[in-house]
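A quick write-up on the structure given underneath.
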Amino acid sequence: SALSEAHLRKAPEAELSELQATLEIAQAQYRQLKLDYGL
39 SALSEAHLRK
49 APEAELSELQ
59 ATLEIAQAQY
69 RQLKLDYGL
């Protein structure tokens, strides 16, 4: 995953927190899609 790759590269905290925020947004969008389509 992007997050584990960032850990392997020893990415700066800023990059990690940005990836984490992106992941949380994606998860929220995924949950909303499932609700919208009744999955």
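Sequential numbering of the sequence shown, starting at 39, is according to the working numbering.
Built from N, CA and C at the ideal position, the CB exists for glycine as well.
Helix, strand or coil for residue i, going by three-state DSSP, please let me know.
i: Arg-69; result: helix
i: Leu-57; result: helix
Can you give me the Cβ contacts of residue i inside the same chain, cut-off strictly under 8 Å, excluding the 5 residues immediately before and after it?
i: Leu-77; result: Leu-71
Taking 7 Å as the cut-off, is the CB of residue i close to at least one heavy atom of the ligand NAD?
i: Arg-69; result: This structure does not include the ligand NAD; it has no bound ligands of any sort.
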